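Participant: Numbering (the numbering used here), first residue to last: 12 to 253. Right, I'll just put the structure down here and ask away after.
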């Protein structure tokens, strides 16, 4: 090693002769390394593109029946969810449109009750996410979102219903409970076909008076009740002339 450095000391002038070639060689090596890196990067991009094209070709090559089967499966699942959605709504309408049930379980119509309010919120979400039909084109994420909304709707209604059947009219004062009981008895007269039309109309009006300020009765429920109270069409026809 000492001899090597001694050689360099004696022949340092060789650097001026071959120094440019050495620097050029180093730069050449760096340039070759950069070109090699660019070639490797280019090959990676080509491989990625080739894989993507192969995947697309494989998807396009699937039999038409596979896609159709998947569509039918999703439509079947969606129909089951929509049926479950409709079933909860039907159960809710049994309270919403039946004045007798509203009298028996008043909290089901009271949006101030926490559980009833939670159910109504869940209903709104499920209604907003509901597709137009079972054949609607929705992706897996949308289907999962609607499924969760229907599940929340079912659970919230069950909890609200169980609580309403448990508490009944316990949240009312003694005087209010007596009004509810009178309304219940009068309602039986109002829909009794053996009673006269006048008796039914009087009972109906008194039912409205007793419930006023106690239970929020929807216009739809009033319409249903009035149809029950009204005498049959045959009884309201004027007698034919002899």
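The C-beta atom is built at its ideal place from N, Cα and C for all residues, glycine as well. Note that the coordinates shown come from a computational prediction; the quantities given were computed from them, not determined experimentally.
Reducing DSSP to helix, strand and coil, say where residue 114 ends up.
Facilitator: By one-based count along the chain shown, residue 114 stands at place 103. DSSP places residue 114 in helix when its eight states are reduced to three.
Participant: Tell me whether residue 220 is buried or exposed, calling it buried when 16 or more other Cβ atoms sit within 10 Å of its Cβ.
Facilitator: As a first step, residue 220 must be located in the chain shown, where it is residue number 209. So residue 220 ends up on the exposed side.
Participant: Would you check if the distance between the CB atom of residue 156 and the CB atom of residue 99 is smaller than 8 Å?
Facilitator: Start at 1 with the first residue of the chain shown, and residue 156 comes out as number 145. Start at 1 with the first residue of the chain shown, and residue 99 comes out as number 88. Cβ distance not < 8 Å, so residue 156 and residue 99 don't count as in contact.
Participant: Quick check: the segment 116-125 against the segment 203-212, are at least 3 beta-carbon pairs closer than 8 Å?
Facilitator: no
Participant: Can you confirm whether the segment 168-183 touches the segment 194-205 when touching is taken to mean that 3 or more C-beta pairs between the two stretches lie within less than 8 Å?
Facilitator: no
Participant: Expressed to the nearest angstrom, what Euclidean distance is found between the alpha-carbon atoms of residue 159 and residue 226?
Facilitator: Position 148 of the chain shown holds residue 159. Position 215 of the chain shown holds residue 226. Those two C-alpha atoms are separated by around 32 Å.
Participant: Flag this pair as yes or no: are the beta carbons of residue 114 and residue 195 separated by less than 8 Å?
Facilitator: The residue labelled residue 114 in the question sits at position 103 within the chain shown. The residue labelled residue 195 in the question sits at position 184 within the chain shown. For residue 114 and residue 195, yes; Cβs fall inside 8 Å.
Participant: Can you tell me where the alpha helix (DSSP H) holding residue 163 begins and where it ends?
Facilitator: Within the chain shown, the letter at position 152 stands for residue 163. Residues 151-178.
Participant: When the Cα of residue 170 is compared with those of 128, 50, 83 and 107, which residue comes out closest?
Facilitator: In the chain shown, the residue the question calls residue 170 occupies position 159. Closest option to residue 170, Cα to Cα, is 128.
Participant: Around the C-beta of residue 238, are 16 or more other C-beta atoms found within 10 angstroms, so that it is buried, or is it exposed?
Facilitator: As a first step, residue 238 is located in the chain shown; it is residue number 227 there, counting from the start. Result: exposed.
Participant: Between residue 161 and residue 95, which are expected to be in contact by the criterion C-beta below 8 Å, what is the C-beta distance as a whole number of angstroms?
Facilitator: Within the chain shown, the letter at position 150 stands for residue 161. Within the chain shown, the letter at position 84 stands for residue 95. The pair is a contact, with the Cβ atoms about 6 Å apart (cut-off 8 Å).
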